[in-house]
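Asker: In this note's numbering, the protein residues as written are -6 to 494. Where a beta carbon is used, it is the ideal one built from N, C-alpha and C, also for glycine. Everything numeric in this text was worked out from a predicted model, so none of it was measured. Got a structure for you, written out below as structure tokens; questions coming shortly.
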Ligand code: MN
């Protein structure tokens, strides 16, 4: 039998381009998970996946599952997928393996119906070529049998509904089209569209099996753009696949604008006491312990956005290791008379300096006039080390480009220079998350960009090339995937500070 394991999963994909999860072996849960993903690729099909041994055993079913025992549905065996794939819904960029749209059509737990001996695991049954499971999902219920009919490279199986009280003649695929995760159809996911209507002042939605009450949806939060709270929620739902990995387990500071960007705002560090019991939190703080929210799934993201928390600021560390930064952040802030192009030039100069230290860095717009550079670490370090290193670099930059930039805020304000802010590398500080909205006159977004784009914007002296609103960002992720994935995955050691000087 040909191996269809995570190695094959890894080899088929470019994880810097696709939003799909990396090929990590999961920790098997106590319940066995199943997921069925409707996949609009070159040809529409349904991917049936069963958890076994920390991975998802997978089949592609061209005609999809049927509740009718008379239907014999061809199921082509495909490579094992990581457990985290069960949450994946979104768009796989053009040119990537499986390019197209994935909807989480059904999900639930399953029971192995054929454990004759105690050692008869699903994995063994797959090896032997016959699996019988009871699916307990949102759409599919009852016994299903999978039987191998052809071995070798084009390993083929049949998926057949077993005869039991759940069997049914109705066409479940036609009757049930929406995602069990987000309630969207595959067309809406393709268009990265939300499903909230503009009109009603209050709606309830169901997400990750939780019900959320959303209010004031027609309230205009960005008057100049007539951008409403429903638009804000729809943006965060549409970008969720891309923003969630950057928010996950990071202590969150909310910047709330209950009366919109022209009204008063406030920072909220403590996760509100009226939070639902499923909101995850993490307690940290040197002098005073604060219980922060973390945003670990779509429902949490929508709950926070519903508080008119337009801007999402997160720590540079992740729970539970909140004292261990995963990256270094620099914020280039324009002083009077300078603009984002001057910031981009300074950022590019920092990149050159880092290259000499064999460190790669990645850029995003602030969503305002500034520019951000991140150095991924994802190795063991402390805030003391990252802060000292960032400070040393800022001083070197100031020395190398004394007419353009300073590490001193007062000087920047007085003398029309770029401020290189290194001080955010601190356990108390949070920085604006990639893909977060900003409270600007229009709904701009802190947007990852390539260094080629930075070069081109500088060459053409074109600040507009570094300006992105929500709709621009949604089409960018569809085209490029997540340009900021290296911030999460790239492992780099911090050089000794002595080597820098
Ligand atoms: Mn597929």
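1. Report yes if the C-beta distance between residue 232 and residue 466 is below 8 Å; otherwise report no.
2. Cβ atoms of residue 205 and residue 223: under 8 Å apart, would you say?
3. Distance check for residue 329 and residue 7, CA to CA, integer angstroms please.
4. Using a Cβ-Cβ cutoff of less than 8 Å, which residues in the same chain neighbour residue 68 once the five nearest sequence positions on both sides are dropped?
5. At what residues does the alpha helix (DSSP H) containing residue 383 begin and finish?
6. Does the count of Cβ pairs from the region 352 to 369 and the region 387 to 403 closer than 8 Å reach three?
7. Looking at residue 308 and residue 342, is the spacing between their C-beta atoms short of 8 Å?
8. For a test of the three-state rule: what should DSSP assign to residue 189, helix, strand or coil?
9. Alpha carbon to alpha carbon, how far is residue 104 from residue 75?
10. Specify whether the region 262 to 282 and the region 163 to 177 touch according to this definition: at least 3 beta carbon pairs, one from each stretch, less than 8 Å apart.
11. Can you find a heavy atom of the ligand MN that lies under 7 Å from the Cβ of residue 40?
12. For a minimum of 3 consecutive residues, which ranges assigned as the beta strand (DSSP E) are wholly contained in the region 121 to 162?
13. Threshold first: 4 residues or longer. Then list the alpha helix (DSSP H) segments lying entirely within the region 298 to 364, N to C.
14. Could you have a look at residue 486 and say whether DSSP puts it in helix, strand or coil?
15. With a CB to CB cut of under 7 Å and the five nearest residues on each side skipped, what residues in its chain are close to residue 242?
16. On the premise that residue 125 lies in contact with residue 154, defined as a C-beta separation below 8 Å, what is that separation, rounded to the nearest angstrom?
17. What residue range does the beta strand (DSSP E) around residue 259 cover?
18. Our contact map puts residue 412 next to residue 335 with C-beta atoms below 8 Å; I'd like the distance itself, whole angstroms only.
19. Please report how far the alpha carbon of residue 183 lies from the alpha carbon of residue 237, in whole angstroms.
20. Have a look at residue 89 and residue 407 and give me their C-alpha separation to the nearest angstrom.
21. Would you list the residues sitting across from residue 245 in a DSSP beta bridge?
22. Identify the continuous alpha helix (DSSP H) that holds residue 211 and give its terminal residues.
23. Alpha carbon to alpha carbon, how far is residue 476 from residue 235?
24. Considering Cα atoms alone, identify which of 226, 306, 227 is closest to residue 244.
25. Can you give me the C-alpha to C-alpha distance between residue 193 and residue 212, rounded to a whole angstrom?
26. For the ligand MN, any of its heavy atoms closer than 7 Å to the Cβ of residue 57?
27. Look up residue 74 in the DSSP assignment and give the residues it is bridged to.
28. May I ask you to list the residues that DSSP assigns as paired with residue 13?
29. Of the choices 380, 459, 455, whose alpha-carbon is the least far from that of residue 365?
30. Ignore the nearest five residues each way along the sequence and tell me which others in residue 3's own chain have a CB closer than 7 Å to its CB.
31. Look at residue 131 and residue 100 and say whether their C-beta atoms are less than 8 Å apart.
32. With 16 as the cutoff for other CB atoms within 10 Å, does residue 393 come out buried or exposed?
33. Helix, strand or coil for residue 40? Go by DSSP, reduced to three states.
34. By DSSP's criteria, residue 200 is part of a beta bridge. Which residues make up the other side?
35. How is residue 410 classed by DSSP in three states: helix, strand or coil?
36. Would the beta-carbon of residue 92 be found less than 7 Å away from any heavy atom of the ligand MN?
Answerer: From the atom records:
1. Contact: yes.
2. no
3. 42 Å
4. 41, 52, 53, 54, 139, 149, 150, 151, 152
5. For residue 383, the enclosing alpha helix (DSSP H) starts and ends at 376 to 393.
6. no
7. No, the pair does not count as a contact, with Cβ atoms beyond the cut-off.
8. Low confidence applies here, because residue 189 scores a pLDDT of 45, under 50, leaving its location unreliable and the question unanswered by this model.
9. Cα to Cα, residue 104 sits roughly 20 Å from residue 75.
10. no
11. Correct: residue 40 has its Cβ closer than 7 Å to the ligand MN.
12. 123 to 130, 134 to 143, 149 to 154
13. You should have 333 to 349.
14. coil
15. 287, 289, 311, 312
16. That belief does not hold up - the Cβ atoms of residue 154 and residue 125 are roughly 11 Å apart, past 8 Å.
17. 259 to 261
18. Actually they are not in contact, since the Cβ atoms of residue 412 and residue 335 sit about 11 Å apart, beyond 8 Å.
19. 18 Å
20. 50 Å
21. Beta-bridge partners of residue 245 (DSSP): 286, 307.
22. For residue 211, there is no enclosing alpha helix (DSSP H), as DSSP gives it neither H nor E.
23. 10 Å
24. Checking every option, the nearest Cα to that of residue 244 belongs to 306.
25. Bear in mind that the predicted position of residue 193 carries a pLDDT of just 45, short of 50, making it unreliable; the figure below should be weighed with that in mind. About 11 Å.
26. no
27. 49
28. Answer is none; residue 13 lacks a bridge partner.
29. Checking every option, the nearest Cα to that of residue 365 belongs to 459.
30. 16
31. yes
32. exposed
33. strand
34. Per the DSSP secondary-structure output, residue 200 pairs in a beta bridge with 203.
35. coil
36. no
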